[in-house]
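Beneath this line is the structure, given in structure tokens, with notes to follow.
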Amino acid sequence: MSISSTTIPAQGQRPNHAALQRWVEESARLCQPSTIVWCDGSAEEAARLQQRAVADGVLIPLNQQALPGCFLHRSHPNDTARTERCTFICTPTKELAGPTNNWMAPDDAYALLRREFSGAMRGRAMYVVPFLMGPPGSVLAKVGVELTDSIYVVLNMRLMTGMGGIALDQLGRDGAFTRCLHSVGTYDPDHRYICHFPQDNAIWSFGSGYGGNALLGKKCLALRIGSYLGQHEGWLAEHMLLMGVKDPTGAITYLTGAFPSACGKTNLAMLTPPAAALAKGWNTETLGDDIAWMAPDAQGALRAMNPEHGYFGVVPGTSLTTNPTAMAIMSHDTIYTNVALLPDGTVWWEGKDEPPPAQCLDWQGQPWAPACGHKAAHPNSRFTAPLTHNPHLSPKARDPCGVPVSAILFGGWRSATVPLILEAFDWAHGVYLGATMASETTAAATGQTGVVRRDPMAMLPFCGYHMGDYFRHWLAMGARLKSPPRIFLVNWFRNDARGQFLWPGFGDNMRILQWITDRCHGRVGAIETPLGWMPRVEDVNLSGLDRGRERLEQAQAIDRDAWKREIAAQREFFAQFGDRMPQELIAQSERVLQRL
Ligand code: GTP
Ligand code: SPV
Ligand code: MN
């Protein structure tokens, strides 16, 4: 049986790509939508879809004077974050997925998902969303096609990827693409599956409309499928921000940073330096805030690019004080998800500049007042907007060749033990610092928050293959680099005895970036400690910082007993990887113990 436009009416331009056409027809037979809509990514199409979404109650138009082009979306209450327990890597053997991933045999996963998808789009449209990850024309760029029954997903993909014609141009008549099949189902967590088939270059996601579960270009393609491809093809797909630091000489130093979800990537990538640093000629520019693809070039330098075309950033805590760049980005043509709605049709969230409103509607649309006892905005509420909204976007952000990386930062949310800043002795020691990263859990994933869990390179939920092999791949990449980037460990979140942050964070993190930049150019020395190189207090710009010296010293303190416990926990974590765990990293932990 073949689907013709008489059985399922199709709208929009179909591409001249036989395998794509066949797969769309096959999927339509399974899901049985009433219509198939091929998306072209045009402004007219966006206006039409927005209208439709408003009519369907999927989007609420906001006050168009204050927030032109902006809409609010309210998620299903049980669908507000990535659901890691429903996320599977479906490799031929469990061993290939490794002990840190949920695994399903591909045949079982396909059988189960076919049942879920069967007739799932009856009475609704199936949108065909071709999308490009990476700058057009780049050797690393990848095309995906997402079939979805969610207008919200289409409108987000339009802001976060290169959607429509730009993707089809890259695809050509017979290019490869990742097949991404998505349905919200009934938003039932008991029927939610986010399944990755790296060997088939396919992703099937059912039962969620939220973020990383449903916008399949992001975590699913750019990280889980991407990391698998990277291991085979010799590059790295990482959960990292990518930014440039401009120093007083005018030179720009590019750095990447891996921090677990909701631990500060967007904020660091958009950092506004303190006025005194700005006056001296220091500044920053953004390339990416969540994902970096990195590959060695012919000269043996590591080059990085951001595969995303937009932001899906955390809203709570964002203000003109903490992140004026993000405030500018979300001032127009933005989709807000799960924030509070004010009576004047604007939005509010905890941590915004204005104090809590006397009354508003909370993220679920219920009347809210400050005495309510719960938050008005969901802690994982988000904004979606294109990169181009950023007034400090790097001119290199869309360069198909990417930028050379001089420094890699690893950091988690650790209220104790881990110092504010240290530098690895060399690449292998840096890989060890990344592999032993840990963080307190946040609202970006469902489950309990505030529990310390190991999260190597911030990739625990995103690595599409065995973590032991991933560590080997990182070590092997270093060997291919003539001048590998320097690697640093940072922790903005260490507390004092009263539970207050020792370090002011946000814009003041510029002070630490200055030291890192100077280290990259050999302009400043360091002190050797058992954990790595640390800055001399006098080498950190503390000007204008209240109790700066005292804070820095406390934030850098090494508690030897706590570190012995930390290393025992690292060794326990490593043990689960068995034979695939590189001995080199175990030896690194041995050396730290000896130095302590
Ligand atoms: P994902 O989008 O989930 O990957 O998150 P992210 O890593 O981009 O985190 P983001 O920058 O959105 O920050 C998350 C939370 O950390 C927000 O509530 C911020 O207010 C807070 N935060 C970010 N940077 C800092 C910092 O330097 N110091 C402190 N104390 N808090 C910070
Ligand atoms: C994260 O959780 O790391 C995010 C948000 O960036 S999501 O798109 O939901 O993955
Ligand atoms: Mn993220």
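Numbers in this note's numbering are just positions in the sequence shown, counted from 1, shifted up by 443. Using N, Cα and C, we set each Cβ at its ideal position, and we do this for glycine too. What you are looking at is a predicted structure, and each value in this text was computed from that prediction instead of being measured.
Subject >> Meets three-Cβ-pair contact criterion under 8 Å: the stretch 807–827 and the stretch 756–769 >> reply: yes
**OP:** For Ala769, verify whether its CB is less than 7 Å away from any heavy atom of the ligand SPV.
**Re:** no
Original post:
From this set, Arg1014, Arg1023, Asp1022, which residue's C-alpha is nearest Arg1034's C-alpha?
Top reply: Arg1014
Original post:
Looking at the structure shown, is Asp1022 part of a helix, part of a strand, or coil, going by DSSP?
Top reply: helix
Original post:
At which residues does the alpha helix (DSSP H) containing Pro767 begin and terminate?
Top reply: 767–772
Subject >> According to DSSP, residues forming a beta bridge with Cys529 >> reply: Bridge partners of Cys529: none, in fact.
Original post:
What residue does the alpha helix (DSSP H) around Gly911 start on, and which one ends it?
Top reply: 910–922
Subject >> Unbroken beta strand (DSSP E) run spanning Asn726, endpoints >> reply: 726–731
**OP:** Could you tell me if Glu681 is buried or exposed, where buried requires 16 or more neighbouring beta carbons within 10 angstroms of its beta carbon?
**Re:** buried
**OP:** Decide yes or no for the touch test of the stretch 733–748 against the stretch 916–930: beta carbon pairs closer than 8 Å, at least 3 of them.
**Re:** yes
Subject >> Residue closest to Pro978, alpha-carbon to alpha-carbon, out of Arg954, Gly987, Trp791 >> reply: Arg954
**OP:** Figure out for me which residue from Lys1007, Ala1018, Glu469, Gln957 has the closest Cα to the Cα of Pro717.
**Re:** Gln957
Original post:
For Ser774, which residues from the same chain have a beta carbon less than 6 Å from its beta carbon, with the 5 sequence-adjacent residues on both sides left out?
Top reply: none
Original post:
Is the stretch 880–887 in contact with the stretch 847–860, if contact means three or more CB pairs nearer than 8 Å?
Top reply: yes
**OP:** Hey, could you find the ends of the beta strand (DSSP E) Ser626 is sitting in?
**Re:** 621–626
Subject >> Gly577 burial status per 10 Å Cβ neighbour count (16 or more: buried) >> reply: buried
Original post:
Ala814: beta carbon under 7 Å from a heavy atom of the ligand SPV?
Top reply: no
**OP:** For the stretch 553–561 and the stretch 637–651, state whether three or more C-beta atom pairs, one from each stretch, are separated by less than 8 Å.
**Re:** yes
Original post:
Exposed or buried, what is Ser447 when buried is set at 16 or more other beta-carbons lying within 10 Å of its beta-carbon?
Top reply: Residue placement at Ser447 cannot be trusted, given a pLDDT of 41 that sits under 50; what the coordinates show is reported in the next sentence. It is exposed - the Cβ of Ser447 has fewer than 16 other Cβ atoms within 10 Å.
**OP:** Label Cys815 either buried or exposed according to how many other C-beta atoms from any shown protein chain fall within 10 Å of its C-beta, with 16 as the threshold for buried.
**Re:** exposed
**OP:** Output yes or no for whether 8 Å exceeds the beta carbon distance between Asn781 and Thr523.
**Re:** yes
**OP:** Name, in chain order, the residues that DSSP records as bridge partners for Trp736.
**Re:** Ala680, Met748
**OP:** Work out the CA separation of Glu1009 and Gly455 for me, nearest whole Å.
**Re:** 57 Å
Subject >> Beta carbon of Phe560 nearer than 8 Å to that of Phe649 >> reply: yes
Subject >> Sheet register partners of Ser882 (DSSP bridge) >> reply: Arg896
Original post:
Between Val967 and Asp982, which are expected to be in contact by the criterion C-beta below 8 Å, what is the C-beta distance as a whole number of angstroms?
Top reply: 5 Å
**OP:** With distances taken Cα to Cα, identify the nearest neighbour of Gln493 among Trp481, Ile594, Arg567, Asp550.
**Re:** Ile594
**OP:** Report yes if the C-beta of Leu658 is less than 7 Å from at least one heavy atom of the ligand SPV; otherwise report no.
**Re:** yes
Original post:
Among Leu721, Leu745, Met564, which one has its Cα closest to the Cα of Ser470?
Top reply: Met564
Original post:
Closest by CA to Ala969, which one among Phe931, Arg994, Arg472, Phe944?
Top reply: Phe931
Original post:
Which whole-angstrom value is the C-beta distance of Thr526 and Ser626, which I expect to be below 8 Å?
Top reply: At roughly 15 Å, the Cβ-Cβ gap does not stay under 8 Å, so Thr526 and Ser626 are not in contact.
**OP:** Kindly indicate the opening and closing residues of the alpha helix (DSSP H) around Arg937.
**Re:** No alpha helix (DSSP H) holds Arg937; DSSP gives it neither H nor E.
Original post:
Excluding the five sequence neighbours on either side, which residues of its own chain have a C-beta within less than 7 Å of the C-beta of Arg1023, listed in chain order?
Top reply: His909, Gly911, Asp912
Original post:
Is Cys663 near the ligand GTP, in the sense that its beta carbon is under 7 Å from a heavy atom of that ligand?
Top reply: no
Original post:
Can you tell me where the alpha helix (DSSP H) with Gly655 in it begins and where it stops?
Top reply: 654–657
**OP:** May I ask whether a heavy atom of the ligand GTP can be found less than 7 Å away from the beta carbon of Asn781?
**Re:** no
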